[in-house]
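Trainee:
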Amino acid sequence: MSVNLQTPIVYLKGVGPNRAETLQSELGIQTFQDLLNLFPNRYIDKTQYYKIGQLQRSNADVQVVGKIIHIKTVEQKKGKRLVATFVDDTSEMELVWFRSQKWIRENLKINEPYVIFGKCNWFNGKFSMPHPELELLKEHEAGLKIAMQPIYPSTEKLGNKGITNRVISKLVQQLFLETKGRFLETLSPNLLHELKLLPKNEALFNIHFPKNQDLLAKAQFRLKFEELFYIQLQLISKKMLRKQKIKGFNFDQVGDLFNDFYQNHLPFELTNAQKKVIKEIRADLGSNAQMNRLLQGDVGSGKTIVAVMTMLLAIDNGFQACLMAPTEILANQHYNSIKELLKGTDVTCALLTGSVKKSARKPIHEHLESGELQILIGTHALLEDKVQFKNLGLAIVDEQHRFGVAQRSKLWHKNLIPPHILVMTATPIPRTLAMSLYGDLDISVIDELPPGRKPIKTVHRYDTNRLKVFRFIRDEIKKGRQIYIVYPLIQESEALDYKDLMDGYESIVRDFPLPDYQISIVHGKMKPADKDYEMERFVKGETQIMVATTVIEVGVNIPNASVMVIESAERFGLSQLHQLRGRVGRGADQSFCILMTGHKLSSEAKTRLETMVKTNDGFEIAEVDLKLRGPGDLMGTQQSGILNLKIADIVKDNAILKSARYYALQTLKDDPTLEKSENRAVRHAYTQLVKHKNIWNYIS
Ligand code: ADP
Ligand code: MG
0 MSVNLQTPIV
10 YLKGVGPNRA
20 ETLQSELGIQ
30 TFQDLLNLFP
40 NRYIDKTQYY
50 KIGQLQRSNA
60 DVQVVGKIIH
70 IKTVEQKKGK
80 RLVATFVDDT
90 SEMELVWFRS
100 QKWIRENLKI
110 NEPYVIFGKC
120 NWFNGKFSMP
130 HPELELLKEH
140 EAGLKIAMQP
150 IYPSTEKLGN
160 KGITNRVISK
170 LVQQLFLETK
180 GRFLETLSPN
190 LLHELKLLPK
200 NEALFNIHFP
210 KNQDLLAKAQ
220 FRLKFEELFY
230 IQLQLISKKM
240 LRKQKIKGFN
250 FDQVGDLFND
260 FYQNHLPFEL
270 TNAQKKVIKE
280 IRADLGSNAQ
290 MNRLLQGDVG
300 SGKTIVAVMT
310 MLLAIDNGFQ
320 ACLMAPTEIL
330 ANQHYNSIKE
340 LLKGTDVTCA
350 LLTGSVKKSA
360 RKPIHEHLES
370 GELQILIGTH
380 ALLEDKVQFK
390 NLGLAIVDEQ
400 HRFGVAQRSK
410 LWHKNLIPPH
420 ILVMTATPIP
430 RTLAMSLYGD
440 LDISVIDELP
450 PGRKPIKTVH
460 RYDTNRLKVF
470 RFIRDEIKKG
480 RQIYIVYPLI
490 QESEALDYKD
500 LMDGYESIVR
510 DFPLPDYQIS
520 IVHGKMKPAD
530 KDYEMERFVK
540 GETQIMVATT
550 VIEVGVNIPN
560 ASVMVIESAE
570 RFGLSQLHQL
580 RGRVGRGADQ
590 SFCILMTGHK
600 LSSEAKTRLE
610 TMVKTNDGFE
620 IAEVDLKLRG
630 PGDLMGTQQS
640 GILNLKIADI
650 VKDNAILKSA
660 RYYALQTLKD
670 DPTLEKSENR
680 AVRHAYTQLV
690 KHKNIWNYIS
C-alpha cells in the first residue's frame, strides 16, 4: 500500500507545487480523492470513425482517418492561413490553421496516416476543419483507448496556466496508474445486487474513461445514486438521532387555553387539512423529542391559526412561545391577526421589531424574563442577545427561506433544552427539493384552502390592451373593490425600475384622476413612516388603488382588494408571481390577477405566464419553476449549496433521488447503527464522509 486517497495532490507525478496550488484554488482539489471525484461535465464520442464521404453538414465533432497529401500557405487580406489537403479512400477535405503555422508546417508529416478530430465546417463547397486535433495513426493505436474523451470542468485561469483538459485527463490517468485503479467499495453487496449497480472501481474507471455509452450510463447511475444515498443517509440518521437523543419539552397537557379557544374563540370551522396538521404537531409535542417540523401551506391556506393553536399548547404547558417573521410588515401583520384571534383570552402578547423604540423594549425584555409575557412576535430582532426568555418552549419561524439554517439554530441555542421548532413556509417546495433541503425535518402540508374561496381568475394581457384593462379596473372600483398595481423591482437596475414605477404611477393618476380616485404609492425609496402611512390609507379603504413595487409581496392581508395587476409580468419569476397573486382572493368576492406584458416574450416567459393562467396550485407552480430554473435559483437553495452535488442533479435525477432516499431509509431501519457486517462498507464510507465533509456543506 503506497498511496492513499487522502495523499496531497502535490505528490501525484506530473503535479508540482505550482500546479497543486492552481488545482486547489481553481477546482478545490487538495487530495488524490478530490481529483478522482472531479467528474467530467461531458464526453466527446470518439468511438466513431467517419469517412470523408460520409460527413454531414451538421457542424459536429468528427473523427476521421486519412493522410495529408499537400500543404500550402494561402495569403489573404486578413492574414495568412495554412491549408492542408486531407484525403481518405472516399474523398478529400481541408485542414486549416490560423495560428502557430510555422510550427505546424514544420512538424506535419506528409503521406502518413493520421487520426484527426474536430469540428467540421462546410465552407466554399468543401468540408474543412479548423485547428484539428492530430495524432499519428500508429500512436493512436498504441495509446490508451479513450473512446469517449472526457471534458473536465475548467476555468480561465486553469487554461492560462497550461492546465488544459488534456493535462487533467493525463493526471487522472496517472492517478489510476499509481493507485492501480483499486478503490474501496462504498455500497453494500445487497444494494449493488438489488439495483444492479456497477462496482465502485468500474464506475470510477468508466466515468473517467468510458469504454462505451452503455458503461458510461451505468457509471453515472451508480455514482449519482451513491451521492444522493449518502446525503439521504446523513439527513435521515440525523433525524433519527434527534428523535432519540434530543430531548424536547413534553407538552402533555391539552389545557384550558387550547380547549377554551377551540370551543369559544375559533372564528371559523377548521379545514380538514388544518385539523390534520394540528394533530401531527400535537403528536410531536407530546413525544418527548424535539419537534422540528416544516409546515407548508400555500398563501391563504390558513397557517396563522395553526401557529396560534400550537402556541396555546406551549402556554398551557407553562412555556413561552415566539414567532419570527422575515419582515417588519409581516411581523406587524402576524401580531395584529394573532392579537385579534386571542381577543377574549388572557394570553399576553408583544411585538418586537427593529423599529420598536428603546423605551418600549425594556418592559418587553423584562416581562419576557419574568415570564409574564407569553408570546413574542417579531423579526430577527428576536435573535438579539438581550432577548432572554424565561422558558421558551416553542419557536415558530415564518417564511423559512429568508432565514436559513444558521439563524434557525441560533434560536435553538437560547435554551439548554431546545424549543420545539415549527417552520412555516408559504412557498410550496417541490417534494424532491424538500427531501434534500429539509430531509432532516418532518413535513406537514396544508393542501386545502378554506371553504368558500373562489379561485382567482388569472389572465394575460398585452400592453396594447391597457385601455380595456383600465376600464375593467374602473368597473371593479365602482363595485367597491380595491386594486393593486405592481411594478417589478430588480436590484441591478434599481434606477430604471424606479423610473418605470414613477412613469406608471403618473399615467395611472392621469387615467384615474382626483377626486373620484385616490391612489396610494409604496416603494423601496420611501421612508418607513411614509410607507406605513400610505399602506394604512389603503388598508382603511381611503384609497382604491395601490401602486407598488414588490414590497407588498409578503405580508399585507386586505380582503377587499380583489384585483392584482402585475406590470412587466415577464420580468417576474414564477414563485414571485404566485406570491403576488396570493395578495388577492382573500375575501368573498371574485378576484382577478392580470399579467401585463409587451409582445416580445421569451419562451421561458411564455411558459411562466401560461402556468399562472392555467393553475392556482402552488405546488404545481413550484414544480414548473424548478424545471425551468433548476434548483440553484429557487429561493433558499442559493445558500443551500445543493449545487455542490458532484454528479447528481436533483431535478433531472428525481427518480434516482427517490430511490436513494428509499434505500437509505431501509438501510437505517434495518440497521440503525450500521453495525451489520453487510453494511461494513457503508459504515466506513459514512464515517469518512462525516469526518471530511459534514452534511452542512450541502445544507448551509
Ligand atoms: P396563510 O398565512 O397561510 O397565508 P392565513 O392564516 O393568513 O393564511 O389565512 C388566510 C385567511 O383565511 C385569513 O383571513 C384567515 O382568517 C382565513 N382562514 C383561515 N383558516 C380558515 C378556515 N378554516 N375557514 C375560513 N377562513 C379561514
Ligand atoms: Mg401568513
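In numbering that gives the first Met the number 0, the protein residues as written are 0 to 699.
Cβ atoms here follow ideal geometry from the backbone N, Cα and C, with glycine treated the same way.
As the structure is a computational prediction, the values presented were derived from the model and not from experiment.
1. Assign histidine 333 to buried or exposed, taking buried as 16 or more other Cβ atoms, counted over all protein chains shown, within 10 Å of its Cβ.
2. How many angstroms separate the CA atom of aspartate 462 from the CA atom of isoleucine 277?
3. Is it the case that the segment 682-690 contacts the segment 248-259, given that we only count it when at least three CB pairs across the two stretches are under 8 angstroms?
4. Is it the case that the segment 43-62 contacts the segment 16-25, given that we only count it when at least three CB pairs across the two stretches are under 8 angstroms?
5. DSSP beta-bridge partners for proline 129?
6. For proline 449, tell me which candidate among Thr303, Lys385, Thr457, His139 has the shortest Cα-Cα distance.
7. Are three or more beta carbon pairs between the segment 161-171 and the segment 95-111 nearer than 8 angstroms?
8. Rounding to the nearest angstrom, what Cα-Cα distance links glycine 15 and valine 9 in this structure?
9. For arginine 18 and isoleucine 162, what's the separation of their Cα atoms in angstroms?
10. Can you tell which of Gln387, Gly572, Asp648, Ile557 has its C-alpha closest to the C-alpha of glutamate 535?
11. What does the alpha-carbon distance come out to for the pair proline 671 and leucine 227?
12. With alanine 647 and lysine 223 assumed to form a contact (beta carbons below 8 angstroms), what rounded beta-carbon distance in angstroms separates them?
13. Tell me whether the beta-carbon of isoleucine 374 lies closer than 8 angstroms to the beta-carbon of alanine 320.
14. Would you check if the segment 357-376 and the segment 384-399 touch, i.e. whether three or more CB-CB distances between them fall below 8 angstroms?
15. Curious, which full-length alpha helix (DSSP H) runs of at least 4 residues does the segment 523-606 contain?
16. Comparing alpha-carbon positions, which option in Cys592, Met92, Lys275 lies nearest valine 458?
17. State the beta-bridge partners of methionine 323 as determined by DSSP.
18. Express the C-alpha separation of valine 64 and leucine 136 in angstroms, rounding to a whole number.
19. Could you say which of Phe318, Phe31, Ala654, Glu475 lies nearest to phenylalanine 250 if we only look at CA atoms?
20. Any idea which residues DSSP pairs glycine 296 with across the strands?
21. Compute the minimum distance between the beta carbon of glycine 523 and the heavy atoms of the ligand ADP, and state whether it is under 7 angstroms.
22. Taking threonine 178 as part of the alpha helix (DSSP H), name the residues at either end of that continuous run.
23. Roughly how many angstroms separate the alpha carbons of serine 336 and glutamate 541, rounded to a whole number?
24. Could you give the distance in angstroms between the alpha-carbon of lysine 700 and the alpha-carbon of aspartate 531?
25. Which term fits tryptophan 96, buried or exposed, when burial requires 16 or more other beta carbons within 10 angstroms of its beta carbon?
26. Run the CB neighbour count on valine 612, radius 10 Å, all protein chains shown included, and call it buried at 16 or more, exposed below.
27. Using DSSP with H/G/I as helix, E/B as strand and the rest coil, what is arginine 460?
28. Should isoleucine 544 and tyrosine 516 be called a contact, given that it needs their Cβ atoms to be closer than 8 angstroms?
29. Please state if the CB of lysine 45 and the CB of methionine 128 are separated by a distance shorter than 8 angstroms.
30. Would histidine 522 be called buried (16 or more neighbouring beta carbons within 10 Å of its own) or exposed?
31. Quick check on arginine 181: does DSSP put it in helix, strand or coil?
32. By Cβ distance below 6 angstroms, which residues in the same chain neighbour arginine 607 in space, the five residues on each side in sequence not counted?
33. When you compare only the Cα positions, how much space is there between proline 188 and glutamine 219?
34. Straight-line CA distance for glycine 377 to leucine 351?
35. Quick one: what does DSSP say lysine 66 is sitting in, helix, strand or coil?
36. Tell me which same chain residues have a C-beta within less than 8 angstroms of the C-beta of aspartate 315, skipping the five on either side of it?
Mentor: The structure says:
1. buried
2. 46 angstroms
3. no
4. no
5. Val95
6. Thr303
7. no
8. 6 angstroms
9. 8 angstroms
10. Ile557
11. 18 angstroms
12. 4 angstroms
13. yes
14. yes
15. 527-538, 573-580
16. Cys592
17. Gly377, Val396
18. 8 angstroms
19. Phe318
20. Ile445
21. no
22. 164-178
23. 21 angstroms
24. No answer is possible for residue 700: the residues shown for the chain start at 0 and end at 699.
25. buried
26. exposed
27. strand
28. yes
29. no
30. buried
31. coil
32. Leu573
33. 19 angstroms
34. 5 angstroms
35. strand
36. Phe250, Gln252, Val253, Gly254, Asp255, Leu256, Phe257
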